[in-house]
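For the record, the sequence lines run as chains A and B. Using our numbering, you'd call the opening residue of the first sequence number 1 and step up by one each time. Using our numbering, you'd call the opening residue of the second sequence number 742 and step up by one each time. We put the beta carbon where it would ideally sit given N, CA and C, even for glycine. Here the structure comes first, spelled out in structure tokens, and everything after it is commentary.
2 protein chains.
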Amino acid sequence: MEKSFPKSLIEDDHLREVAERVFASALGSEDSKVELSLFDVAVDCPIGDREAKERELMKVAVEPTRGKTTGRKHLLRSFTVDPGLSQVGTLDSVPLVSSAKSALVNVPDFQRVAITGDYATGLSMEDVQHAAKGLFQAMAIREKYMRLSFQRFPCTTSFYLRCSENERWKEEDQVLPTFTPPPKPNEDPFSTEGAPDNLGYTARMNDGVVHLYRSQENDAQIYNLPYPHLETFITDMNVLLMLIADGPTKTFSHRRLKFLESKFHLHEMLNEMAELKEVKAIPHRDFYNVRKVDTHIHAAACMNQKHLLRFIKKSYRVDADRVVRVKDGQPITLEGLFNSLHLHPYDLTVDSLDVHAGRQTFHRFDKFNSKYNPVGASELRELYLKTDNYMEGEYFAHIIKEVASDLEDSRYQHAEPRLSIYGRSPDEWNSLACWFLKFRVHSPNIRWTIQIPRIYDIFRSKNVISSFGEMLKNIFLPLFEATVNPQKHKKLHVFLKHVTGFDSVDDESKHSGHMFSTKSSKPDEWTTEKNPSYTYYMYYMYSNIMVLNNLRRERGMNTYQFRPHCGEAGAVTHLLAAFMTSDNISHGLNLKKSPVLQFLFYLAQIPIAMSPLSNNSLFLEYAKNPLPEFLQKGLCISLSTDDPMQFHYTKEPLMEEYAIAAQVWKLSTCDMCEISRNSVLQSGYSHEDKVIFLGQNYLKEGPEGNDIRKSNVAQIRVAYRYETWCSELALLTDAIKCTDD
Amino acid sequence: MEKSFPKSLIEDDHLREVAERVFASALGSEDSKVELSLFDVAVDCPIGDREAKERELMKVAVEPTRGKTTGRKHLLRSFTVDPGLSQVGTLDSVPLVSSAKSALVNVPDFQRVAITGDYATGLSMEDVQHAAKGLFQAMAIREKYMRLSFQRFPCTTSFYLRCSENERWKEEDQVLPTFTPPPKPNEDPFSTEGAPDNLGYTARMNDGVVHLYRSQENDAQIYNLPYPHLETFITDMNVLLMLIADGPTKTFSHRRLKFLESKFHLHEMLNEMAELKEVKAIPHRDFYNVRKVDTHIHAAACMNQKHLLRFIKKSYRVDADRVVRVKDGQPITLEGLFNSLHLHPYDLTVDSLDVHAGRQTFHRFDKFNSKYNPVGASELRELYLKTDNYMEGEYFAHIIKEVASDLEDSRYQHAEPRLSIYGRSPDEWNSLACWFLKFRVHSPNIRWTIQIPRIYDIFRSKNVISSFGEMLKNIFLPLFEATVNPQKHKKLHVFLKHVTGFDSVDDESKHSGHMFSTKSSKPDEWTTEKNPSYTYYMYYMYSNIMVLNNLRRERGMNTYQFRPHCGEAGAVTHLLAAFMTSDNISHGLNLKKSPVLQFLFYLAQIPIAMSPLSNNSLFLEYAKNPLPEFLQKGLCISLSTDDPMQFHYTKEPLMEEYAIAAQVWKLSTCDMCEISRNSVLQSGYSHEDKVIFLGQNYLKEGPEGNDIRKSNVAQIRVAYRYETWCSELALLTDAIKCTDD
């Protein structure tokens, strides 16, 4: 594979113009401030309608379907699962798609929903072909960006992409990330021994992206790294912007999604008991002992409120006389600190601690953020929830270790907490690495992710930094330096082995109004106090991670996933940026607003870590959360807690999250185990871990990859999902090939 | 107070006729089988409407109210809280009602909602007076039945009843139950020493009610016990049946309830932050460490599914070779038992255990009941979840002790599990008492209740008993015998000290079609295979408990509360029967169907133990549960789990119940603590316990009785509730007095 960023040139002014209009209208609709009403969820609570829907569906199932064949052309092949063989590609290279193959991999018989007869969507064939082409073009764009950055793209989708291009999919084309395997017995995960040699390269940032050079003196660029090409990115983005606003594609996507939902309802009615039977027959495995990963949780709020309260009280009993702070050169003891706040820890309650999101925080991200301060005192936040304080983050490390030990006790629960890097100074990485090594914060039930808040504007207005470029340098240069010369940056090198990805965080409902284009100021020239747009941040995060991953892969080191917060609020363009750049996302609520993006997220099976309890306190009421709908359609959903300190009540926040979802949405065991399995797949756990959690074949897509003895997900369910996915992809492929006739 | 059951004669055929029509129509509407649609809850999810509602209310609050004074007569007095003094009764005997008095008991200032100007409901004054008279008559009926049986009736309501009768309320009139206090240090709660002497009476059942006689030979009835009078009960019941169907009373009650709801919304908007401030200021007390009682939980399902699974596995590891059963004279070991079921405990999972209510149980009480059998095997139910098996209930006792020990660890969580007495044979009580004493099943965090399933029809069809009278004898005669002669029934005597009440349980949606009247067969003549009606059961349960309580009170023993399941499904007449006979109820969902009963439950503050998660699996979807609405209106609501084994996922089912309610309905800390406080008040914990849990004055109604340092309920909230309640009662009193002018 050639290591270069394939370029394209913008010549199409029309394209840019339309893209700008779409962007403006996306912003516009968001400006109207009635954000809630924009979620076009049914007003009813989802469980409410179920019975009525099922009755209707049953009727449909009994009567033969007589589709209205509007504008039908000549796509005569039935596009649902074709038992026996697929007509695309030769059989041996076909990913498992047919029910005949399903039988080979031990899927029990189940009732399949087959739509026979001519293809008829109520759309003209031209429109379908147009939509199919657009959707495949979009997926090809995502495939390109994922491969370039060692992020994941499903091989089933790649297979159909190649088909539509009349090419052959090759297994070698699949690109996979590298995560650090768990330490071997007697191996010290904190050992700074054996760091690789210095490559001698020099890292310098050009236009916001780190470039590597032979040496300080030699300006020869390291050739085999794929540096990004801004113009190409912008062109690709504009193509996608046009696509999501394109009428026929919107209609088509909307119909396919509705179809997917109805088809699942039918599947459920027909096979629910069969799935249950499968799951019941598996010895020793149930929802309680399948692996589940909390795929989105902030380290600073990973303990619940009661836990934090107890920790504060305990620290006071033990450490009252200890100096915990220096203010104006004066040492302050813990007792002194509490005296200055006029409170005694014994009297503290979860009420006075006041870190729980209440009714007051709904649609008020600003109020929510201040909840991070216990008793409203930023001193306590600094002392208990930060790594860089006078005590070098000792309390924070202890709290996290207690959380980790609770997870270890539970055995099957894992978490991926996020630690912050702000980009205020180049030293942040080092101090975080020192904290990590000093307190030996490592647990088999925890994997680390780095979150980078999008708060350039705050630092700029305080004159902490002079340009956006400086912030990017502070964030990324240390990573390149430690990768080029681990010998010199041993601690950071060790810490980086344990980091699995990057998150980009902030309130998405704030927006800059700026549209990212080739005319946008370059990072070094970005010196205003205005914050760049979400997409601008995404592009520069992605680009640097991409180059970094390529360098690290070459050195045999682990690579990073980009896993931003996306689609919690704000414009749908955020989701578009993530579609191009991110391995997986957190939230994704706004996929409700764009059927095209929602269908693309389905087709590319982009994992989405959803946190309905967090949404319930901030942006969207529980009963209106699209999670059950997404799950039914077959989007790759996992459940996560976001901030147990703010949102949860019990000692097991992740179980609370699952329990409430199960209760309110009446999820079956199979549903819950499917979500758990998704969470493991989405996570940054290493190949070695995933083999233990999910079985030897977990990388295979479809029922072949599901080990029911480990996942407790019925093979019938996985086969249904896989066959349905393949037939959607096959439908698009057929439509495209049709045009060529 | 005279100890006799005041009688009245039926002469009013019209009354009976109308009552029969009402009953028939109540049944009729229920027959239509679209039970769900009968709950006239808004189709929207309750949280959904909140914001819109609040905006509207704000408008109302700003504009001066200009009520339409239709048919107004001469009720000129403002009926809302009258600051300073109440015009009813003399001030010293007035229960705390005015805001001036509120200040005396340490209620912070808050914003009160005052409706000034003439009284105007949109109803004619005649109608209001008519409704007021009917409602007060109904409450007088309840007051009578509660006093006769040593059950609770609030003195505030009694006070206003006396006012309306131009009488004076006296504190001595208040009747309170007696519960056994907790054992003193070094006191053995299981000691059979010191049982009182034999009274020498003879107990015999006449027409379904136990009567006491001087001795076996001497037929002189014990004069000072109030035996019930069937005709009077029927007359009272018919009065109530007419009332709940009376048009003006329905309209009036509906309007008052709507008013209460809106008033609370206003209160919340105006005082939410003030309440929060109060609660925050209380040191060391928060939602986690206020006492909460699980007021409705069945012992046979009081452990969660994971707990039962673990217990089964553990018992197998320890006891595989032990004989646990005898079948056809052959001893069977635990291993043999599992072999005969073709399963190995190691392979068991919560899926194969299959005791969790799934989607399949919704509206299927029959399927739900079979979930009590682990792995579908009644042998396992008998072994693990019963007291009367070959092992004498050893495993069941161990499981309950583990649950109790979890509660003790939590310190602030309590439960009132129900044990079953069926009435199949007179020995049941003794065998239960032996189990209790043998395994010493006692915990400070547990109080016992006895549940009696309404399954006469099953026993009759199997010829286990010959008449309903025999079932009643089996249930009640042993209690009287042990009360008359504790020396002879020492174990039962001790066990009865630890019982606090009786529950009546079964699927309410089954109904007999029989209407209870003076013409109904007497219990001894009830020999058909048909089950008597709910009301028939209620009357005979109540009557026997009433006589028993009077006897026990005379002997200085503890008394019992009647706490039936009521209003979970079925006809509204069930709630009417409970209104007459029961201290408090479980479920109460059907109060939605009858505004009159709902308003009466409010006015008499009858506690309702609600279990929304149980309802969600059986009768009513979570988002449609009326709990938040009831709570806002001021009904006395507590939260309970019903059957953790079937419904809950986490290790702390009661916390799960609270957490989900808090999340889905966005309850504030104050709401949750109010519910917790209600649960303690409702419970069968003794006076001594309640003083510790809620403070010295807990028996006083209104803010005087609330110790915020223990309950964490804002005084503002309690004052609001109390003032609102008093003004509703005062409104009725004024309307009645008006007529007399």
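- For B/T1410, the enclosing alpha helix (DSSP H) covers residues 1410-1423.
- Within the region 291-306 of chain A, contact with chain B at the beta-carbon level (separation under 8 Å) is assigned to K306.
- Exposed is the label assigned to A/M273, since fewer than 16 other Cβ atoms lie within 10 Å of its Cβ.
- Under the DSSP definition of a beta bridge, B/N947 partners with B/V950.
- Short of 6 Å from the beta carbon of A/F439, and not among the five residues preceding or following it, lie these beta carbons of its own chain, in chain order: A397.
- For A/I332, the three-state secondary structure derived from DSSP is strand.
- The beta carbon of A/K386 lies closer than 7 Å to those of G393, F396 in the same chain, with the five residues before and after it left out.
- Residue environment for A/R21: exposed (fewer than 16 other C-beta atoms within 10 angstroms of its C-beta).
- Per DSSP, the unbroken beta strand (DSSP E) holding A/V326 starts and ends at 323-327.
- Taking C-beta atoms under 8 Å as the contact rule, B/Q1302 and B/Q915 fail to qualify, at a distance of about 16 Å.
- Residue nearest to B/G988 within the set B/N1110, B/L864, B/R1105 is B/L864 (criterion: CA-CA distance).
- Residue burial is scored here from C-beta neighbours: B/K1229 has fewer than 16 other C-beta atoms within 10 angstroms and is therefore classed as exposed.
- Burial state of B/D1384 is buried, judged by a 10 Å Cβ sphere holding 16 or more other Cβ atoms.
- Minimum Cα-Cα distance from A/N616 among the listed residues A/H587, A/P154, A/F601, A/K593 corresponds to A/H587.
- About 5 Å separates the beta carbons of A/T178 and A/N558, which is inside the 8 Å limit, making them a contact pair.
- By the C-beta density criterion, A/H14 is exposed, having fewer than 16 other C-beta atoms within 10 angstroms.
- Between the region 352-361 of chain A and the region 298-312 of chain A, the count of C-beta pairs closer than 8 Å reaches three or more; the two stretches touch.
- At least one beta carbon of chain B lies nearer than 7 Å to the beta carbon of A/Y649.
- B/M1287 and B/L981 do not touch by the CB rule: their CB atoms are close to 18 Å apart, not below 8 Å.
- With a cut-off of 8 Å on Cβ pairs, the region 1265-1274 of chain B is not in contact with the region 890-905 of chain B, counting fewer than three such pairs.
- In this structure, B/T1090 and A/M655 do not form a Cβ contact; the two beta carbons are roughly 17 Å apart against a cut-off of 8 Å.
- Under the 10 Å beta carbon count, B/V1065 is surrounded by 16 or more other beta carbons and is classified as buried.
- Going by DSSP, A/R418 is part of the beta strand (DSSP E) stretching over 413-420.
- A distance below 7 Å separates the beta carbons of B/S1379 and B/N1419.
- In this structure, B/F1052 and B/I1187 do not form a Cβ contact; the two beta carbons are roughly 17 Å apart against a cut-off of 8 Å.
- When only Cα atoms are considered, B/K1251 and B/S1323 end up about 21 Å apart.
- Boundaries for A/A714: no alpha helix (DSSP H) harbours it, and the DSSP string shows neither H nor E there.
- Under DSSP, the beta-bridge partners assigned to A/S504 are A/I452.
- Pairing B/E1019 with B/H1006, the inter-Cα distance amounts to about 19 Å.
- Residue contact with chain A for B/R1100: present (Cβ-Cβ distance below 7 Å to some residue of chain A).
- By the neighbour-count definition (other C-beta atoms within 10 Å, threshold 16), A/K371 is a buried residue.
- The beta carbon of B/S1452 sits closer than 7 Å to those of V1031, C1414, R1418, L1435, all from its chain and outside the five residues before and after it, given in chain order.
- Leaving aside the five residues that flank A/A569 on each side, the residues in its chain whose CB is nearer than 6 Å to its CB run, in chain order, E508, S509, F619.
- Secondary structure remark: continuous alpha helix (DSSP H) runs of at least 4 residues inside the region 237-290 of chain A, in chain order: 247-281.
- Under the 7 Å criterion on CB atoms, A/H342 is classed as non-interfacial with respect to chain B.
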